[in-house]
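Peer 1:
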Ligand SMILES: C[S@@+](CC[C@H](N)C(=O)[O-])C[C@H]1O[C@@H](n2cnc3c(N)ncnc32)[C@H](O)[C@@H]1O
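Here is the structure:
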């Protein structure tokens, strides 16, 4: 495999994050050549894939296309895959995981094609070397992805392995933490870049605050983990990897922040977890943590951004209490955050109506499989304040 050969790269992401992933790719100088639900297609080499794994905040996986072919049966699938020079990509002592997404009339589950792909790969390596890699569900080593739709199939090398949203800093989870890639997308949606104050009441385990700090420092999300799928293939070159990291790290802002990141929660254990997670992520010194009711959070004078992610109560009986909390959130935004731009992430429309402010924008996100809205509020100073319209 030629690590400089430019091919299609499919970058996958969570639902609702495509727009932000596309912006990240363009910001890194990659052209967008297509997109699907939950993925964006760009062009580049295996070396580019390493860089993308290091830099991207909103992506799940970076998949490097090995081959696209016409495929009408599992026999044809085996033949096409078996023809690829896998002995140049995967060493026999490695471990292989095959993931498939199949939507074709002749096959009704993805287990069988995964098995066929695995057989085609390990049979080829055995024939060429006399031994074969182990295989199974562990995504920590070599991962290969198959997409098979109707009569076309695509086989990719998954250069990420475990999803990039697993950044490795969340050693102390708390209740209902946001996935790191979702938190990054939300912060990107607010337009935050470190040149504004950002206030994060109800911060829980600190994901929004940590992603804010990483963005403010321009610290690559991938710098927090050491394992990636690309490290397990034969063509991996440690020297090139070091060069990529060194060149990206040159753009990290290390001289502290001009503006403040304030993160609070009423729960002492949440703040303890958030602090530890921030320490693991190397950004603890940039975040001012405090244990307090959200309404007592310090909001610096002037303009800034405030982001809140309250619970949205899927259990009956919680709603009445939460209605009061959402009304209090509205009061806090109106009274204490005038001059700021406010954001509220919630999965409950009825509750968001209790905030009593008219949102100027609603952005769709998914927290797991729960449809959520990030509501934007322009919190004008004094008389320009927008009052309750009866809707959120
Ligand atoms: C949905 S969780 C936030 C999760 C967070 N975004 C994360 O990624 O970990 C809501 C948080 O609000 C906090 N909370 C609930 N009521 C509060 C209040 N009155 N004042 C401050 N924090 C509160 C809870 O302790 C909880 O940590």
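Residue numbers (my numbering): 1 to 392.
All residues carry an ideal CB built from backbone N, CA and C; glycine is no exception.
Reducing DSSP to helix, strand and coil, say where residue 377 ends up.
Peer 2: Strand at residue 377.
Peer 1: In chain order, what residues of the same chain have a beta carbon less than 7 angstroms from the beta carbon of residue 268, not counting five sequence neighbours either side?
Peer 2: Cβ within range, chain order: 291.
Peer 1: Where does the unbroken alpha helix (DSSP H) through residue 124 begin, and where does it stop?
Peer 2: Looking at the DSSP string, the run of the alpha helix (DSSP H) that includes residue 124 is 111 to 129.
Peer 1: What number of angstroms, rounded off, separates the C-alpha of residue 80 from the C-alpha of residue 133?
Peer 2: Cα to Cα, residue 80 sits roughly 19 angstroms from residue 133.
Peer 1: Does residue 9 pass the burial test, meaning 16 or more other C-beta atoms within 10 Å, or should it be called exposed?
Peer 2: Counting Cβ neighbours within 10 Å, residue 9 comes out buried, since at least 16 surround it.
Peer 1: Going by DSSP, name the residue or residues bridged to residue 308.
Peer 2: Bridge partners of residue 308: 344.
Peer 1: If I follow the unbroken beta strand (DSSP E) through residue 93, where does it start and stop?
Peer 2: Careful: residue 93 lies outside any beta strand (DSSP E) and carries neither H nor E.
Peer 1: Using a threshold of 6 angstroms, is the CB atom of residue 212 nearer than that to any non-hydrogen atom of ligand 1?
Peer 2: Checking every heavy atom of ligand 1 against the Cβ of residue 212, none is found closer than 6 angstroms.
Peer 1: If you run the structure through DSSP and keep just helix, strand and coil, what is residue 271?
Peer 2: Residue 271: helix per DSSP, three-state reduction.
Peer 1: Relative to the C-alpha of residue 227, which residue among 234, 265 and 160 is closest?
Peer 2: When each option's Cα is compared against that of residue 227, the closest is 160.
Peer 1: Give the C-beta separation of residue 264 and residue 294 to the nearest angstrom, bearing in mind that I take them to be a contact with Cβ-Cβ under 8 angstroms.
Peer 2: That belief holds up - the Cβ atoms of residue 264 and residue 294 are roughly 7 angstroms apart, short of 8 angstroms.
Peer 1: Just verifying my parser: in three-state terms, what is the DSSP assignment at residue 20?
Peer 2: Residue 20: helix per DSSP, three-state reduction.
Peer 1: Round the Cβ separation of residue 307 and residue 337 to the nearest angstrom and send it over; I've been treating them as touching at under 8 angstroms.
Peer 2: 11 angstroms between Cβ atoms; not a contact.
Peer 1: Hey, would you say residue 216 sits closer than 7 angstroms to residue 257, going by beta carbons?
Peer 2: In contact: residue 216 and residue 257 (Cβ atoms closer than 7 angstroms).
Peer 1: Quick check: what's the CA-CA separation for residue 375 versus residue 165?
Peer 2: The straight-line gap from Cα to Cα measures roughly 23 angstroms.
Peer 1: Determine which residues share a DSSP beta bridge with residue 142 and list them.
Peer 2: The partner list for residue 142 (beta bridge, DSSP) reads 96.
Peer 1: Residue range of the alpha helix (DSSP H) that residue 410 falls in?
Peer 2: It is not possible to answer for residue 410, since the shown part of the chain is limited to 1 through 392.
Peer 1: Between residue 28 and chain D, is there a C-beta pair that is closer than 7 angstroms?
Peer 2: No chain D is part of this structure, which consists of one protein chain only.
Peer 1: Helix or strand or just coil, what does DSSP make of residue 257?
Peer 2: Residue 257: coil per DSSP, three-state reduction.
Peer 1: Taking only the alpha-carbon atoms, compute the straight-line gap between residue 361 and residue 249 and give it to the nearest angstrom.
Peer 2: So the two alpha carbons sit approximately 35 angstroms from each other.
Peer 1: Would you call residue 196 buried or exposed, if buried means 16 or more other Cβ atoms sit within 10 Å of its Cβ?
Peer 2: Residue 196 is buried by the Cβ-count criterion.
Peer 1: Below 6 angstroms, is the gap between the Cβ of residue 178 and the nearest heavy atom of ligand 1?
Peer 2: Under cutoff, so the answer is yes.
Peer 1: Is the beta carbon of residue 435 sitting closer than 7 angstroms to the one on residue 232?
Peer 2: Nothing about residue 435 can be reported from this structure: the residues present for the chain run from 1 to 392 only.
Peer 1: Looking only at its chain, what residues have a beta carbon closer than 7 angstroms to the beta carbon of residue 45, apart from the 5 residues adjacent to it on each side?
Peer 2: Excluding residues within five positions, the ones whose Cβ falls inside 7 angstroms are 3, 4, 5 and 6.
Peer 1: Report yes if the C-beta distance between residue 16 and residue 380 is below 7 angstroms; otherwise report no.
Peer 2: It is not a contact, given that the beta carbons lie outside the stated cut-off.
Peer 1: Determine the burial state of residue 174: buried for a count of at least 16 other Cβ atoms within 10 Å of its Cβ, exposed for fewer.
Peer 2: The residue is buried, with at least 16 neighbouring Cβ atoms inside 10 Å.
Peer 1: Report the CB separation of residue 12 from residue 53 in whole angstroms; it is logged as a contact under 8 angstroms.
Peer 2: Rounded, the Cβ-Cβ distance is 12 angstroms, inconsistent with contact.
Peer 1: For residue 188, which of helix, strand or coil comes out of DSSP?
Peer 2: Helix at residue 188.
Peer 1: How far does the beta strand (DSSP E) with residue 39 in it extend, from its first residue to its last?
Peer 2: From DSSP, the beta strand (DSSP E) with residue 39 extends over 39 to 44.
Peer 1: If we ignore side chains and look at the alpha-carbon of each, how far apart do residue 273 and residue 83 end up?
Peer 2: If I take the Cα positions, the gap works out to 50 angstroms.
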